[in-house]
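For the sequence shown, the tail end lands on 515 under full-length UniProt numbering, and the numbers increase by one without skipping.
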Amino acid sequence: MTTSTTAPTPSGAAATDRSAFRGSRPVTLIAMCLGAMITFLQITATVSALTTIQRDLGVDPTTLVWIPSAYTLMVASVVLSAATLGSRYGRKRMFGAGVVAMILGAAVVAGAPSVAWVIVGQLVAGLGGALILPNSLAILGATFTDPHRRTEVITAWSAASGIGLAIGPLIAGFLLRHYQWHSVYLSTIALGLITLVVAVVGVAESRPSAARLDVPGLLLGTVAIAAAVYALIQGGKVGHTNPVVSAAWVVAAVALVAFVLVELRTSAPMLDVRLFRSASFSAVMVVGAVSLFGFTGVAILLVLFHERAQALSPLDTGWRMLVLFGAYVLVAFGAGRAIRRTGFKAPLTLGLVLGAVASFALANQGPTTSFGHRWALFALFGAASGLVVAPATAAALASVAPDQAGMASGAVNAARQVGSVLGSSVLGTLLTTTMVADLPDRLAAHQVGEPTSTAVQAAVASGANGDQPLPEPVRAAIAEALTSGVQAGLRINGIVFLVTAVLALTLIRNRPHQH
């Protein structure tokens with residue numbers, strides 16, 4: 001026995017070291033967290049550069065909305081199918097393909113000569129995000145099998161997305177101050193290359209399933225989500241009674257019914273719809289959607305408030321938003337350990353209630369309200385989101401057996417992305433409609449007469465954004481009207497959070513299910 005355990009040869013030792021490094025739990029967690037950061041860094045890079053892109057490429061308002069929406073549309077449409085592909089062909093392989101797609105998409109946008117190429121790049125990057133999100137979650141679920149430890153690492157993964165959101169506006173603001181908007185996407189490329197190296201070298205392949213691929217379910221699920229998300233985005237801009245939007249809703253409904261029927265009959269479903277018989281699992285899906293509805297929607301409202309109502313630069317806005325995102329990251333990291341003692345109900349319910357309180361309080365802000373009077377509310381909303389976004393993701397995986405981790409991660413990510421689309425679409429549309437309706441009274445209050453008043457109303461309604469400075473009465477009226485739209489969106493978010501808090505308190509299972 002002694003002779004059989006002597007030191008191996010150098011080559012054998014090196015191979016053993018590499019094998020130990022590959023599959024290392026800390027390295028796997030780092031790689032998956034970096035992947036989560038990339039997917040959200042792309043979002044903030046785009047939002048921060050949007051005004052500059054519009055001015056540089058001469059983008060009309062209708063087309064402009066599709067620059068950020070193209071990314072979200074692709075992520076939401078493909079994320080459920082991406083989980084199935086990972087389970088069938090290898091989660092690490094699909095994760096790596098997603099990182100490559102993110103790099104390629106960012107490179108296309110960085111070199112885009114026209115808005116068409118910007119949208120193409122966003123679609124490619126969205127495909128990457130869809131591959132990264134569910135497969136990184138499934139890899140963590142397969143690597144960390146202890147329910148409590150798995151909850152902690154999943155909350156760390158969710159917190160990493162907040163880091164991507166937090167550093168995105170700062171990096172973008174700095175680059176926009178010194179370089180052209182194309183440079184903003186270099187941050188995605190750089191982080192993507194780092195993530196790819198760490199994943200290739202340090203992450204072990206998650207064993208693929210031998211089950212056959214559910215092609216009908218994959219196609220029907222993708223069509224259903226894509227049609228619904230398209231209808232949400234486009235309907236918010238042209239109205240939900242528009243014939244094209246109405247047709248998209250019909251396609252989504254028919255595809256959804258067909259998807260459910262197919263999944264009930266197949267022996268290896270892409271999504272076992274029987275999971276939704278569990279009230280806890282269904283409630284977690286709703287909470288996951290609402291968490292991103294508020295987190296994304298409120299973040300967009302606050303960015304627009306700072307840049308449009310208070311006329312701050314992207315970098316100055318980024319510093320202020322860092323309070324919100326920083327509080328989110330800190331609380332999300334701590335939520336994993338807290339859940340071990342409290343269970344899921346307490347943090348989810350408390351987070352939703354505190355998020356509602358912060359939303360209602362922020363709705364009282366005005367164009368002249370200083371940040372010194374608001375920063376605590378930013379921190380409160382960020383902390384509240386940290387108590388909801390991360391635990392909701394962990395609760396979804398804790399509701400199913402380990403071999404269904406990929407399926408559950410795809411479902412919760414699809415719900416989150418649909419919620420994100422709803423947040424930006426519903427709250428963004430509410431902001432626009434409230435602003436347009438409120439503007440005439442604001443202009444009259446500032447004694448802006450005709451024909452200037454009519455011209456200003458037409459320009460705001462069409463989304464025109466001229467480079468010439470506005471007269472002070474006009475600028476003040478627009479700022480106040482926009483603020484009224486932001487306030488309306490924040491109040492709606494507060495109501496949605498309160499209703500969902502009741503759902504979380506009454507239906508969600510408090511502890512990880514023992515399978």
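Backbone N, C-alpha and C fix where the C-beta goes; we use that ideal spot for every residue, glycine too.
Where the alpha helix (DSSP H) containing residue 294 begins and where it ends
For residue 294, the enclosing alpha helix (DSSP H) covers residues 279-304.
Where residue 268 falls: helix, strand or coil (DSSP):
coil
Using only alpha-carbon positions, find the residue among 198, 364 and 234 that is nearest to residue 31.
Residue nearest to residue 31 within the set 198, 364 and 234 is 198 (criterion: CA-CA distance).
Quick one: what's got a C-beta closer than 7 angstroms to residue 11's C-beta in the same chain, skipping five residues either side?
With a pLDDT of only 46 at residue 11, under 50, the local geometry of the prediction cannot be trusted, and the value read off the model is given with reservation. For residue 11, same chain residues with a beta-carbon under 7 angstroms away, outside a window of 5 residues either side, do not exist.
What would DSSP say about residue 368, mapped onto helix, strand or coil?
DSSP places residue 368 in coil when its eight states are reduced to three.
Starting from residue 241, follow the alpha helix (DSSP H) in both directions and report where the run begins and ends.
Run containing residue 241: none; DSSP gives neither H nor E here.
Once the 5 residues before and after residue 505 are set aside, which same chain residues still bring their CB inside 7 angstroms of it?
345 and 349
Is it buried or exposed for residue 417, if we count other Cβ within 10 angstroms and need 16 for buried?
Burial call: buried.
Is there contact between the segment 70-85 and the segment 223-230, where contact requires at least three CB pairs shorter than 8 angstroms?
yes
To the nearest angstrom, how far is it from the Cα of residue 217 to the Cα of residue 126?
21 angstroms
Could you say which of 182, 473 and 432 lies nearest to residue 482 if we only look at CA atoms?
432
DSSP state of residue 495 mapped onto helix, strand, coil:
Correct three-state label for residue 495: helix.
In whole angstroms, what separates the C-alpha of residue 17 from that of residue 136?
For residue 17, the predicted structure reports a pLDDT of 48, less than 50, and the residue's modelled location is therefore unreliable. A value from the coordinates is still provided. Approximately 24 angstroms, taken between the alpha carbons.
Could you have a look at residue 363 and say whether DSSP puts it in helix, strand or coil?
coil
Rounded to a whole number of angstroms, what is the C-alpha to C-alpha distance between residue 8 and residue 24?
Low local confidence applies: a pLDDT of 44 at residue 8 is under 50, so the model's placement there is unreliable, with the coordinate-based value given in what follows. If you take the alpha carbons of residue 8 and residue 24, they lie about 21 angstroms apart.
Count the C-beta pairs between the segment 301-310 and the segment 142-153 that are closer than 8 angstroms, then say yes if the count reaches three, no if not.
no
Count the other C-beta atoms from every protein chain shown that fall within 10 angstroms of the C-beta of residue 353, then say buried if there are 16 or more, exposed otherwise.
buried
Quick check: the Cα distance between residue 134 and residue 391, rounded to an integer number of angstroms?
Spanning the two alpha carbons is a distance of roughly 16 angstroms.
In the structure shown, what three-state DSSP assignment does residue 446 receive?
coil
Rounded to the nearest angstrom, what separates residue 452 and residue 384 at their Cα positions?
43 angstroms
Any alpha helix (DSSP H) of 4 or more consecutive residues that is wholly inside the segment 374-440:
Look at the segment 374-440 and you find these whole runs of alpha helix (DSSP H), each 4 residues long or longer: 375-398 and 405-422.
Given 8 angstroms as the limit, is there contact between the segment 159-173 and the segment 437-451, that is, 3 or more CB pairs closer than that?
no
Let me see if you follow: with CB-CB separation under 8 angstroms, is residue 294 close to chain C or not?
No chain C is part of this structure, which consists of one protein chain only.
Three-state class that DSSP yields for residue 347 in the structure shown:
helix
Nearest-angstrom Cα separation, counted from residue 263 out to residue 81
13 angstroms
Applying the criterion that 16 or more other CB atoms from any shown protein chain within 10 Å of the CB defines a buried residue, is residue 429 buried or exposed?
buried
Would you please state the rounded distance, in angstroms, between the beta carbons of residue 293 and residue 419? I believe it to be under 8 angstroms.
4 angstroms
Would you decide whether residue 454 is buried or exposed? Buried here means 16 or more other CB atoms lie within 10 Å of its CB.
Within 10 angstroms of the beta-carbon of residue 454 lie fewer than 16 other beta-carbons, which makes it exposed.
What's the call for residue 438, buried or exposed, on a 16-neighbour Cβ count within 10 Å?
buried
Can you tell me whether DSSP reads residue 180 as helix, strand or coil?
coil
State the start and end residues of the unbroken alpha helix (DSSP H) segment that holds residue 129.
115-143
Roughly how many whole angstroms lie between the Cα atoms of residue 516 and residue 38?
In the structure as shown, the chain begins at 1 and stops at 515. Residue 516 is therefore absent and cannot be evaluated.
If we ignore side chains and look at the alpha-carbon of each, how far apart do residue 487 and residue 291 end up?
19 angstroms
Would you say residue 367 and residue 205 are within 8 angstroms of each other, going by their C-beta atoms?
no
In chain order, what residues of the same chain lie with their CB nearer than 6 angstroms to the CB of residue 235, ignoring the 5 residues before and after it?
245
Would you report the Cα separation of residue 375 and residue 48, rounded to the nearest angstrom?
The C-alpha of residue 375 lies about 20 angstroms from the C-alpha of residue 48.
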